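Asker: Numbering (UniProt numbering), first residue to last: 1 to 296.
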Ligand code: GDP
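1. Taking the alpha helix (DSSP H) that residue 1 belongs to, which residues open and close that run?
2. Fully enclosed by the region 121-155, which alpha helix (DSSP H) runs are 4 residues long or longer?
3. In three-state terms, what does DSSP make of residue 187?
4. Quick test of your reading: residue 168 and residue 139, contact by CB under 8 Å. State the CB separation rounded to the nearest angstrom.
5. For the ligand GDP, is there any heavy atom lying closer than 8 Å to the beta carbon of residue 149?
6. Around the C-beta of residue 164, are 16 or more other C-beta atoms found within 10 angstroms, so that it is buried, or is it exposed?
7. Counting C-beta neighbours from all protein chains within 10 Å, is the total for residue 69 16 or more, i.e. buried, or is it exposed?
8. Nearest to residue 208 by alpha carbon, out of 38, 106, 33?
9. Which one or two residues does DSSP pair with residue 244 in a beta bridge?
10. How would you call residue 126, buried or exposed, if buried means at least 16 neighbouring beta carbons within 10 angstroms?
11. In its own chain, which residues sit with a C-beta less than 6 Å from the C-beta of residue 179, not counting the 5 before and 5 after it?
12. From residue 184 to residue 264, what distance separates their C-alpha atoms?
13. Is residue 111 near the ligand GDP, with its Cβ less than 8 Å from a heavy atom?
14. For residue 51 and residue 5, I'd like the C-alpha separation in whole angstroms.
15. From the DSSP output, read off the bridge partner residues of residue 101.
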């Protein structure tokens with residue numbers, strides 16, 4: 001996802017570190033190139049501006065320019081600023097609430113909600129030894145509930161028995177009850193998407209939220225959609241309120257802009273990355289590691 005950006009930046013910084021002494025004009029010129037690289041990577045304009053302003057104001061400080069290795073110091077400043085932009089610390093899924101902890105998955109159709117629900121359930125079961133129940137609240141797409149059931153079966157995760165004709169809120173109520181009675185630690189509610197955001201979708205999400213009182217509301221967004229994913233996160237956050245983001249298709253050739261802008265634009269952390277179709281293709285999002293990957 002970050003390959004092109006990474007190459008561009010390493011070109012810029014190689015030039016800078018080779019120079020030895022640096023003038024303020026050299027730093028300004030390098031920042032102009034960094035700015036262009038970030039914009040081409042589809043990072044939100046406001047985010048690019050604030051990023052390069054912050055780096056420049058720290059980098060033109062007398063200490064940096066007069067230091068023995070000014071180029072390397074600029075790279076270090078860029079690195080630190082990238083980490084800050086990405087949220088500084090990894091933020092795992094928060095299960096710190098009375099069991100069963102409800103996790104609500106939201107997002108557009110095809111973004112990877114159902115797949116990600118199963119990935120999260122599998123990880124919580126296998127790595128954290130939690131007892132997880134999954135329920136599909138998607139009554140729009142006929143095969144959606146069956147898709148989750150099959151994924152559950154493949155991964156050894158229980159799913160709520162399917163009852164035809166129930167509303168999403170009725171399924172949510174039944175899921176919470178079943179999770180309580182069954183002694184589950186976590187209940188994952190996979191909601192229906194749409195091809196784009198519309199009013200009925202937002203109303204449905206708000207109703208489910210009111211009933212389920214989720215501890216986490218995770219927006220699943222497709223990283224290949226770039227700035228659309230960022231706008232989507234902002235809309236969902238304004239209307240429903242989200243606690244975190246899962247960026248899917250991080251294994252694809254997205255330009256990285258969504259990943260780099262999400263936190264700064266929405267204030268909400270990227271918690272996980274989907275890195276493939278298989279149920280184990282899920283990674284924690286570590287700002288420090290991502291910055292290292294970008295800067296090579
Ligand atoms: P939903 O409509 O939001 O529930 O989306 P699905 O979970 O059904 O996923 C849609 C398609 O995207 C499926 O074919 C998934 O296998 C695929 N998919 C989901 N997450 C990822 C990912 O991280 N990487 C890749 N390459 N494919 C993914």
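Ideal Cβ positions, reconstructed from N, Cα and C, are used throughout, including at glycine.
Just so you know, these numbers come straight off a predicted model, no measurement behind them.
Answerer: According to the structure shown:
1. As a first step, residue 1 must be located in the chain shown, where it is residue number 1. First-last for residue 1: undefined, no H or E at that position.
2. 144-155
3. Along the chain shown, read from residue 1 onward, the residue named residue 187 stands at position 187. Strand, per DSSP.
4. Within the chain shown, residue 168 is the residue found at index 168, counting from 1. Within the chain shown, residue 139 is the residue found at index 139, counting from 1. Residue 168 to residue 139, Cβ: 6 Å. Contact.
5. As a working mapping, residue 149 is identified with position 149 in the chain shown. Every heavy atom of the ligand GDP is 8 Å or more from the Cβ of residue 149, so no.
6. As a working note, residue 164 is residue 164 in the chain shown. It is exposed - the Cβ of residue 164 has fewer than 16 other Cβ atoms within 10 Å.
7. Working through the chain shown from its first residue, we reach residue 69 at position 69. Residue 69 should be labelled exposed.
8. By 1-based counting over the chain shown, the position of residue 208 is 208. Ranking the options by Cα distance to residue 208, first place goes to 106.
9. As a working note, residue 244 is residue 244 in the chain shown. Residue 244 pairs with 218.
10. Numbered from its first residue, the chain shown carries residue 126 at position 126. Exposed: under 16 other Cβ atoms inside 10 Å.
11. As a first step, residue 179 is located in the chain shown; it is residue number 179 there, counting from the start. Excluding sequence neighbours, residue 179 sits near 100, 133, 187.
12. In the chain shown, residue 184 corresponds to position 184, counting from 1. In the chain shown, residue 264 corresponds to position 264, counting from 1. When rounded, the distance between both Cα atoms is 35 Å.
13. Here the question's residue 111 lines up with position 111 in the chain shown. Yes, Cβ of residue 111 sits closer than 8 Å to a heavy atom of the ligand GDP.
14. Residue numbering aside, residue 51 sits at position 51 when the chain shown is read from its first letter. Residue numbering aside, residue 5 sits at position 5 when the chain shown is read from its first letter. When rounded, the distance between both Cα atoms is 15 Å.
15. The residue you call residue 101 lines up with position 101 of the chain shown. Residue 101 is bridged to 186.
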